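Worksheet: the structure to be examined is printed underneath.
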Amino acid sequence: MQTRFTPQQLNDPAMAASEAVIRKCVHCGFCTATCPTYLMLGDELDSPRGRIYLMKEMLENEQQPTAEVVRHIDRCLSCLSCMTTCPSGVNYMHLVDHARAYIEERYDRPWHERLVRGLLARTLPHPRRMRAALTMARWTRWLGPALDRIPHAGPLAAMLRLAPARLPAPASKKAAGAQGKRRGRVVVLQGCADSVLRPEIRAATVAILTRAGFDVDFAQGEGCCGALTWHLGRTDEGLVSARRNVDAWRKEMARGLDAIVVTASGCGTTVKDYGFILRDDPGYAEDAARISALARDVVELLADCGLPRGRSAPALRVAYQSPCSMRHGQKITTAPLALLESAGFQVSEPAEAHLCCGSAGTYNIMQPELAARLGDRKAESLAQRNPDVVATGNVGCATQLESRLGVPVVHTVELLDWATGGTMPLRLAAIAT
Ligand code: SF4
Ligand code: SF4
623 MQTRFTPQQL
633 NDPAMAASEA
643 VIRKCVHCGF
653 CTATCPTYLM
663 LGDELDSPRG
673 RIYLMKEMLE
683 NEQQPTAEVV
693 RHIDRCLSCL
703 SCMTTCPSGV
713 NYMHLVDHAR
723 AYIEERYDRP
733 WHERLVRGLL
743 ARTLPHPRRM
753 RAALTMARWT
763 RWLGPALDRI
773 PHAGPLAAML
783 RLAPARLPAP
793 ASKKAAGAQG
803 KRRGRVVVLQ
813 GCADSVLRPE
823 IRAATVAILT
833 RAGFDVDFAQ
843 GEGCCGALTW
853 HLGRTDEGLV
863 SARRNVDAWR
873 KEMARGLDAI
883 VVTASGCGTT
893 VKDYGFILRD
903 DPGYAEDAAR
913 ISALARDVVE
923 LLADCGLPRG
933 RSAPALRVAY
943 QSPCSMRHGQ
953 KITTAPLALL
963 ESAGFQVSEP
973 AEAHLCCGSA
983 GTYNIMQPEL
993 AARLGDRKAE
1003 SLAQRNPDVV
1013 ATGNVGCATQ
1023 LESRLGVPVV
1033 HTVELLDWAT
1043 GGTMPLRLAA
1053 IAT
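Mind the numbering: the sequence shown is residues 623 to 1055 in this note's numbering, read in order.
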């Protein structure tokens, strides 16, 4: 696509990066075929190609974002399905992240949007605050149906609906030593949502990795990866998170580190992008790039080193739901399926496996109607596989789908840990008793 950015505009590294992305787009429109919002709404401006036009016009002409442009960008899930489909290698993720930051700086959102976005940014990246907020949400769930009827209160109602009925105890941060032949040392990203909502994911990760021969540790001073605030366009807050984590992992690298293991694929996509995010920061660029190269989803690491030997897996039908951030963001497609199969499960994928389930970070809170349509569609295609259990690799997808399915939804690593000598996933144990 031809661009008309001025040399002065291109002195801004963020603008120069976006210009390079836009120039790669050849308007072919292949990406529209796999875009969930285009599929649902049928509007070119809700397709990747249409959004690229909108972002080009806005950035190139340094326009004040209009309500219409903001609406179409807000409806984007950042699922990155378009990046998988695009034959020209357009990095839509970097472009839309820049556009979101541009909008955040220049657009005066209505008060109710500012309220919800501020609430999410101040709560979700902080496990203690998130725990407190979820506890309050449990007490006020009964307000959900009433909020649904109040204009602009849909996101608050969605928050209440997503709050679990009960919160588990916080996840353990206890380091654990390798069992058997030692392969190396890893740190596990402690994360935000999964450590509060599903601490069993971390427990299964530590258990299987130690049996696979890794010393497993947790970095002091580490926090949220920054994905959440980054995707809200709150670049400064995202950068603070990224720099804090680089500082924490630098110390771990100095002690010898073979991988930074991530169990939520949304976080994995962001940590793998730290090298790009901090590319212009002389104090951080080099280490950020090393950290991105060390980041591994837990299934990637297990696929590389092989599953520890264990008991044979129970004959369960597992439907695998591939999170977009795993499939499109990190291009991890076959490893989870192959691992589950090699552990002895009967594995299948649903139709339209490339389509987002509607969770998409905070999308199911901020765009509850579209998210619900995608969630129902995904649940239906998973149910057609008649599974005993659904496996996924991101806590957001698990939360989005569980209430829509009549079977447990667990993290892939919980099944792999169980099949190789670990404990039965909590959600399976709950229905087995
Ligand atoms: S990220 Fe997903 S929703 Fe957004 S334009 Fe690309 S395919 Fe469509
Ligand atoms: S598939 Fe790629 S090149 Fe074609 S319109 Fe979409 S983003 Fe542009």
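Here a beta-carbon is modelled for each residue, glycine too, at the ideal position from N, C-alpha and C. Keep in mind the model is a prediction, meaning the values are calculated, not measured.
N- and C-terminal bounds of the alpha helix (DSSP H) containing R805: No alpha helix (DSSP H) contains R805, which DSSP labels as neither H nor E.
From L819, V838, A743, M662, residue whose alpha carbon lies closest to that of R807: Selected option, being the one with the closest Cα: V838.
Check: V718 C-beta below 8 Å from any heavy atom of ligand 2: Checking every heavy atom of ligand 2 against the Cβ of V718, none is found closer than 8 Å.
D1010 and R939 closer than 9 Å at C-beta: yes
Range of the contiguous beta strand (DSSP E) that encloses F836: 836-839
Beta-carbon gap between T745 and R736 smaller than 9 Å: no
C698 beta carbon near ligand 1 (any heavy atom closer than 8 Å): yes
Close-in-space but distant-in-sequence residues of the same chain around F627 (CB under 7 Å, 5 per side omitted): M637, E641, E682
Three-state secondary structure assigned by DSSP to R820: coil
Own chain, CB closer than 6 Å to T857, minus 5 neighbours either side, in chain order: A723
L702 beta carbon less than 9 Å from that of S944: no
Contact test: C708 Cβ vs ligand 2 heavy atom, cutoff 8 Å: yes
Per-residue burial, N986 [other beta carbons within 10 Å of its own, 16 or more giving buried]: buried
Proximal residues to T656 (C-beta, below 8 Å), its chain only, five neighbours per side dropped: S703, C704, T706, T707, H976, L977
Inter-stretch contact (C-beta, 8 Å, three-pair minimum) for the stretch 953-967 and the stretch 918-935: yes
One or two residues paired with T1014 in a DSSP bridge: Under DSSP, T1014 forms a beta bridge with Q943, H1033.
beta-carbon L663 near ligand 1 non-hydrogen atom, thresh 8 Å: no
Local Cβ density within 10 Å of N867, reported as buried at 16 or more and exposed below that: buried
Residue from A768, A993, R820 with nearest C-alpha to P658: Nearest option by C-alpha distance: A993.
Stretch pair the stretch 795-811 + the stretch 829-844: three plus CB contacts closer than 8 Å: yes
H694 classed as buried or exposed, judged by whether at least 16 other C-beta atoms fall within 10 angstroms: buried
Status (buried if at least 16 other CB within 10 Å, exposed otherwise) for A849: buried
Residues near H649 by beta carbon distance below 6 Å, same chain, minus five either side: Correct list: empty, nothing qualifies.
Bridge partner(s) assigned by DSSP for A798: V838
Endpoints, beta strand (DSSP E) assigned at Q631: Premise fails: Q631 lies in the alpha helix (DSSP H), 629-632, not in any beta strand (DSSP E).
Ligand 2 heavy atom lying under 8 Å from the CB of P990: no
C-alpha gap between A1041 and G860, whole angstroms: 37 Å
Top-ranked residue by Cα proximity to R671, from F967, V718, A754, Q685: Selection F967, V718, A754, Q685 evaluated against R671 yields V718 as nearest (Cα-Cα).
Of the listed residues E726, C647, P732, R912, nearest to K894 (C-alpha basis): R912
heavy atom of ligand 2 below 8 Å from G897 C-beta: Outside the cutoff, so no.
Member of S934, A826, A779 whose CA lies at the smallest distance from the CA of G966: S934
Complete runs of the alpha helix (DSSP H) confined to the stretch 730-805 [at least 4 residues]: 733-745, 749-761, 766-770, 776-784
Residues that R882 bridges to, as DSSP identifies them: With the sequence shown as reference, residue 882 is identified as Ile, and Arg is not the correct amino acid for it. According to DSSP, I882 bridges with V809, A917.
Nearest-angstrom Cα separation, counted from L929 out to T832: 11 Å
C-alpha distance - L879 paired with W871, whole-angstrom precision: 9 Å
Start-to-end residues for the beta strand (DSSP E) that takes in Y970: In the sequence as displayed, the identity of residue 970 is Ser instead of Tyr. Element bounds for S970: 968-970.
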